[in-house]
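Q:
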Amino acid sequence: MNSPHHQDIEWDASGPHREREARLHAPALTQTMDWLRDLLRTNGGGHTPIHRILDIGSGPGVVTCLLAHAFPDAEIIAADRSPDILERVRSRAEAQGMADRVHTQLMEHPGEFDSLGSADLIWSRHGVRHIGDQEAALHSLAASLRHGGLLAVAESGLPPRFLPRDIGMGRPGLQARLDAAAEDAFAEMRDRLPGSAQTVEDWPTMLARAGLIPSGTRSFFTDLPSPLGMSAREYLHTRLSRLRDRLGDRLDPEDRATLECLMDRDAHTGILGRPDAFYLAAATVHTARSCRTGVQPRLSIPTGG
């Protein structure tokens, strides 16, 4: 098991990969921002002004800047646990002329979530899944919403598919076995989280139990047919490398050998050169609105990417 120090180093080093991933999903993310803007345009027949947005687990700032584009009158707070990642946010915001509206907050120690203050919109992508007690995390996020504000959590969806069932080497069905091994590794990671609690991941119901009114769930697709461009191929190469490091002995020797072949930069069977490689993924976003002005107890939220 990786030490916390090793995990922090890995998190800092993941910046380029997270940036490439966000760019890959940028069209779907733009559609998501448009949907959130439509949801916030009316609240019981009246306009909900958006002055302040929290991007929890911001990553390198691709979504942060999309939020700034979608809500040009709002201040955006990008929160992440990596100083290097937040530097990327600042550089991106400055390059896009948004440095006056996009600010960053380091989420390094427990208890710092309260320092972010309240917001009209809170966005969290794959952040809640890294909290031991996910329901308590949603209660905490809900408590920071202003009256009429919207909480949007991008969780669940479908893992990316990028290989046919039979790739001409090894046993057919490699990707399904990679997905199964990754699910097992994720479950073990969640079991090790402080305060880990099992819950049925029915997100609209969980949001309702947090005192919010569910306001819609939608899935947004990224569909890149073959032949893939090199940026997408480089992203997949890094993804496979990270899967190899994470899954380790969970894979049998034949699948590990096939994975190594896919990562070979010089082989025509590698992911960088395969004509049959594609990319298909679905991100599901669950939303709920606050209808209260009361304050609830809060919980520190470590962020995810």
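For the sequence shown, the tail end lands on 312 under the working numbering, and the numbers increase by one without skipping. Beta carbons are placed, not taken as given, at the ideal position from N, Cα and C, and that holds for glycine.
How is Pro23 classed by DSSP in three states: helix, strand or coil?
A: helix
Q: Short of 7 angstroms in beta carbon distance, which residues of its chain neighbour Ala33, apart from the five on each side in sequence? Order them along the chain.
A: Val69.
Q: Just confirm the distance between the C-beta atoms of Ala204 and Asp256, as a whole number of angstroms; I'd bet it's less than 8 angstroms.
A: 28 angstroms between Cβ atoms; not a contact.
Q: Thinking just about the alpha-carbon of each residue, which of Ala288, Ala35, Ser65, Ser147 is nearest to the one in Arg357?
A: Residue 357 falls outside the range modelled here, since the chain spans only 8 to 312, and no answer is possible.
Q: Going by CA-CA distance only, name the one from Ala106, Asp87, His154 that's closest to His137.
A: Asp87
Q: Specify, as a first and last residue, the run of the alpha helix (DSSP H) that Gln38 falls within.
A: 33-48
Q: Got a sec, what are the start and stop residues for the beta strand (DSSP E) His110 sits in?
A: 109-113
Q: Taking the beta carbon of Gln112 as the centre, do at least 16 other beta carbons fall within 10 Å, making it buried, or is it exposed?
A: buried
Q: Just to confirm before moving on: does the CB-CB distance between Ser238 and Leu157 stay below 9 angstroms?
A: no
Q: Which residues does DSSP list as the beta-bridge partners of Ser226?
A: Beta-bridge partners of Ser226 (DSSP): Thr291.
Q: Between the alpha carbons of Ser233 and Asp283, how many angstroms are there, rounded?
A: Using only the alpha carbons, I get a separation of about 6 angstroms.
Q: Expressed to the nearest angstrom, what Euclidean distance is found between the alpha-carbon atoms of Glu28 and Pro56?
A: 31 angstroms
Q: Can you round the beta-carbon distance between Ile63 and Gly134 to whole angstroms, since I take them to be within the 8 angstroms contact cut?
A: 5 angstroms
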